[in-house]
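Novice: So the sequence lines, in the order shown, correspond to chains A and B.
Following our numbering, the numbering of the first sequence begins with 2 at its first residue and continues without gaps.
Following our numbering, the numbering of the second sequence begins with 1070 at its first residue and continues without gaps.
Next up is a structure, given as structure tokens.
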Amino acid sequence: MPTDLAIDVRGMTKRFGELTAVDQIDLQVRAGEICGFLGPNGSGKTTFIRMLCGLLRPDAGRGTCLGHDVIAGSEAIKRQVGYMTQRFSFYEDLSLFENLDFVARMYAVPNRRAAVCESLERLGLAERQRQLAGQLSGGWKQRLALAACMIHSPKLLLLDEPTAGVDPKARREFWEQIHQLAGQGLTFLIATHYMDEAERCHRLAYIGYGKLLAHGTVAEVVAQAKLTTWSVRGPNLLQLAEALRRMPGVKHAVAFGNTLHVSGDDAAALDRSIAAFRTEAYHWERIESGLEDVFIHLIERSPDNFAS
Amino acid sequence: MSARVFSVSRFWAIVVKEFAQMRRDRLTFAMMLGVPIMQLVLFGFAINSDPKHLPTAVLLADHGPPGRALLHAIQNSRYFDFVRQVRTEEEAHTMLARGEVQFVVNIPENFTRDLCRGDRPAILVEADATDPAATGNAMAALRALMHTALQHDLKGPLSFLAGTEDAIDLRVHARYNPEGITAYHIVPGLMGVVLTMTMVMITGLAITRERERGTMENLLSMPTRPLEVLVGKIVPYILVGYIQIALILIAARLLFHVPLMGNLLLLLAAALVFIAANLAMGITFSTVASNQLQAMQMAFFFFLPSLMLSGFMFPFRGMPAWAQALGELFPLTHFLRIVRGILLKGNGLGEVALQLWQIALFAALALTIGVKRYRRTLD
Ligand SMILES: Nc1ncnc2c1ncn2[C@@H]1O[C@H](COP(=O)(O)OP(=O)(O)O)[C@@H](O)[C@H]1O
Ligand SMILES: [Mg+2]
């Protein structure tokens, strides 16, 4: 393999009838990197991931995944990729052990029994191995799914919202594990909605309405947006927000607890607009734009090609 | 207001919702129209419990005019169609065993001479009586005809024979099921019916269940080929099929005393092909249907004509030609001939091979369609 890119695709496009769910997306992910895949619901994350592992045929685009052609080499890709589906898709009427054993057989894992036991141990599922998968709570299902998609020692893991509905402690443990595995050279593409998770990724790809809107490290993504954000504290924030939104240069005003974040991409226009509201009652402060501000900005700026 | 027992608006909400859902599920809607039409056609046109034109072989050892007149009268009854003239008894018996003819009419040597002498020559009619319903009316017609058949020929010096019952000695030999026991016919057939119903349904759910429960996405993301998935889903149910066969065979022996004239191993081997054919059919439905309900409906749509056109419920030869041609397509039709042939007639591989081939062909075809239809992506 002449390249150290685990994923290297260009122009990936998928249409469902009229709808272009994924539109000309280019994505490069280096081996050993954790790439966060972000975007609102319905932006095409699942569709893109499915194209990478051969579950959907792209309408356009080409490239490689672990050095294999994404279209012609999908059988080879499947053997080396672990895919964790957004919706739990293991057999609820099989026990944990039976599920893992099934997957291990499908991938012809050598020393199957040992591999299954080791994977149960590693994820702390050993005591529950006789339990039916359907009886597990969300967090445990997530663990099972992760154990199953890693049993054949894949080089690339495609995880589609792996922590949706998982409690904070389990999420933290999950991410610690991800970082450990990345340290061993595994590559991750992880779809998520959580900002704290996004910040734990080496690199981010943000998509909206099927288009790639931003790509890079957290700092790069924030810098690229060229967004100016002010935080304001004081009474009647709701009315203030209403008034601010009508002003030129104010792209959005979003409540964060007791503060309001006001941002825009034209710093000078923003300054002029908020000047009128800088009264005694309010405490204004220029802050660093957060990822969330940036994402909200990106999605509001991009044309909605679904609605048209 | 909220205490009202029956709210028209809530009731109407349900009605509107059901209509909307019904409209989306086209297949169910088609089935609701298709099933009654199919039943009407099958019951109304295909079923005839008074089978006529039954294929009959003739073993003619006397070529005199009375014999010919008798054959003419038999054919004129419209119950018998002479399809073949055979030379030897063995040939006649093979045709009976294979089910190619329902009757063999045997006009013996010296028939004319004995008749003229008033010696009451015998004519022997051998019937394949595995299905008593198929031969009953024909036999009654034959007996009635003996009185009148030779009326025109028995003139002059032979007129003393006319109008007497004793001119000819009609000997009927009901083979394979001499006592005409219906259970001998039904119970072996039931084996095929039960297998068709359960096997097609069971695998009909196999792929749709994966799709409905969302496990298909996982299965497809693993490196596997369609044939592995389909055959892997078929094999476990072959065992289930054999358990059903064992139950029916034991009941056939112990409760209904159905004879086992042929080779049990041959029967089990033939059953394997038949089970595989039904499982393959089911799995093919499963690749076409978009949910479990649709798969069940398809299985039912397959089962209904199998049952009616195979010769299980009604004599196969009682049906019009188009229905027989349609019936030949179903594995059950051929399996019924095999089971009854082995159990009642003692048939061997030679007699069942042709039927077995047709089932095997069906299985291969169904599986091929299934493999072709199996989608390897979620598109
Ligand atoms: N099989 C499909 N058929 C038709 N439309 C689909 C299909 N799968 C996804 N879509 C549509 O494509 C868009 C992207 O969906 P998806 O990739 O699931 O988004 P995300 O995972 O980012 O929430 C959505 O509008 C969705 O409705
Ligand atoms: Mg998704």
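For each residue, glycine too, the CB sits at the ideal point set by N, CA and C.
What you are looking at is a predicted structure, and each value in this text was computed from that prediction instead of being measured.
1) So what's L261 (chain A) in DSSP terms, helix, strand or just coil?
2) Less than 9 Å between CB atoms is the rule here; does E1281 (chain B) satisfy it with respect to chain A?
3) If you draw a straight line from the C-alpha of M1091 (chain B) to the C-alpha of F1098 (chain B), how long is it?
4) Counting only C-beta atoms, is N1360 (chain B) closer than 9 Å to chain A at any point?
5) So, helix, strand or coil for D60 (chain A), using DSSP?
6) For C36 (chain A), which residues does DSSP report across the bridge?
7) Excluding five sequence neighbours on each side, which residues of the same chain lie with their C-beta closer than 8 Å to the C-beta of T230 (chain A)?
8) Which of the three DSSP states, helix, strand or coil, is assigned to P1190 (chain B)?
9) How would you label T1437 (chain B), buried or exposed, when you count the other beta carbons within 10 angstroms and need 16 or more for buried?
10) Can you look up G209 (chain A) in the DSSP assignment and give me helix, strand or coil?
11) Going straight from the alpha carbon of S1375 (chain B) to that of A1345 (chain B), what length do you get?
12) Out of curiosity, what's the CA-to-CA distance linking L1386 (chain B) and L1111 (chain B)?
13) Let's see if you can read the secondary structure: which residues bound the beta strand (DSSP E) around V1174 (chain B)?
14) At 8 Å on the CB atoms, spell out the chain B contacts of F91 (chain A), in chain order.
15) Run down chain A in chain order and give the residues with a C-beta less than 9 Å from the C-beta of L1447 (chain B).
16) So, at 8 Å on beta carbons, what are the nonlocal neighbours of D24 (chain A) in its own chain, with the 5 sequence-adjacent residues on each side left out?
17) Suppose you measure from the CA of S309 (chain A) to the CA of L158 (chain A); what does that come to, to the nearest Å?
18) Run through DSSP, which three-state label would A277 (chain A) get?
19) In three-state terms, what does DSSP make of V1241 (chain B)?
20) Just reading off the alpha helix (DSSP H) that Q1140 (chain B) is part of, what are its end residues?
21) If you reduce the DSSP assignment to three classes, tell me which class Y1311 (chain B) lands in.
22) With DSSP as the reference, label I26 (chain A) as helix, strand or coil.
23) Within the continuous alpha helix (DSSP H) that includes Q240 (chain A), where are the two ends?
24) Pick out whichever of A:Q225, A:A270, A:I275 has its Cα sitting closest to the Cα of L245 (chain A).
25) If you reduce the DSSP assignment to three classes, tell me which class G1522 (chain B) lands in.
26) Taking CB distances under 9 Å as the criterion, tell me whether T86 (chain A) reaches chain B.
27) Do you know how far the Cα of A1210 (chain B) is from the Cα of L1184 (chain B)?
28) Please confirm whether V263 (chain A) has its beta-carbon closer than 9 Å to some beta-carbon of chain B.
29) Have a look at the DSSP bridge pairing and note the partners of R1093 (chain B).
30) Please compile the residues from chain B whose C-beta is within a distance smaller than 8 Å of the C-beta of R113 (chain A).
31) Would V1408 (chain B) be called buried (16 or more neighbouring beta carbons within 10 Å of its own) or exposed?
32) Buried or exposed for N1179 (chain B), going by 16 or more other Cβ atoms inside 10 Å?
Specialist: Looking at the coordinates:
1) Three-state DSSP puts L261 (chain A) in a strand.
2) Answer no: the Cβ-Cβ gap between E1281 (chain B) and chain A never drops below 9 Å.
3) About 7 Å.
4) No, N1360 (chain B) does not count as interfacial toward chain A.
5) Three-state result, D60 (chain A): coil.
6) C36 (chain A) pairs with A:L190, A:R204.
7) Sequence-distant partners of T230 (chain A) (beyond 5 residues in either direction) whose C-beta falls short of 8 Å from its own C-beta, in its chain, are H262, V263, S264, R287, I288, E289, S290, G291, D294.
8) Here P1190 (chain B) sits in coil by DSSP.
9) Its Cβ having fewer than 16 others within 10 Å, T1437 (chain B) is exposed.
10) If DSSP states are grouped into helix, strand and coil, G209 (chain A) belongs with the strands.
11) So the two alpha carbons sit approximately 16 Å from each other.
12) Before going further, note that residue 1386 (chain B) is Arg rather than Leu in the sequence given. Spanning the two alpha carbons is a distance of roughly 14 Å.
13) Taken as a continuous stretch (DSSP letters only), the beta strand (DSSP E) holding V1174 (chain B) covers 1172-1176.
14) Chain B residues near F91 (chain A): T1284, N1287.
15) Near L1447 (chain B) (Cβ distances below 9 Å), the residues of chain A are R51, L56, L57.
16) T14, G45, Y210, G211, K212, N306, listed in sequence order.
17) A caution first: S309 (chain A) carries a pLDDT of 41, below 50, which makes its placement in the model too unreliable to give a value.
18) The answer is coil: DSSP assigns A277 (chain A) none of H, G, I, E or B.
19) In the structure shown, V1241 (chain B) sits in a strand (DSSP, three-state: E or B).
20) Note that residue 1140 (chain B) is Leu in the sequence shown here, rather than Gln. Annotation for L1140 (chain B): the continuous alpha helix (DSSP H) segment containing it runs 1134-1145.
21) Y1311 (chain B) falls in the helix class under three-state DSSP.
22) The answer is strand: DSSP assigns I26 (chain A) an E or B state.
23) According to the DSSP assignment, Q240 (chain A) belongs to the alpha helix (DSSP H) that extends over 238-246.
24) Ranking the options by Cα distance to L245 (chain A), first place goes to A:I275.
25) Outside the displayed range of chain B (1070 to 1448) lies residue 1522 (chain B), so it cannot be described from this structure.
26) At least one chain B Cβ lies under 9 Å of T86 (chain A).
27) The alpha-carbon of L1184 (chain B) is positioned some 22 Å away from that of A1210 (chain B).
28) No, its Cβ sits nowhere closer than 9 Å to a Cβ of chain B.
29) Residue pairing by DSSP places R1093 (chain B) in no beta bridge whatsoever.
30) Residues of chain B passing the Cβ test: none, with the nearest at roughly 14 Å.
31) Its Cβ being crowded by 16 or more others within 10 Å, V1408 (chain B) is buried.
32) Exposed, by the Cβ-count rule.
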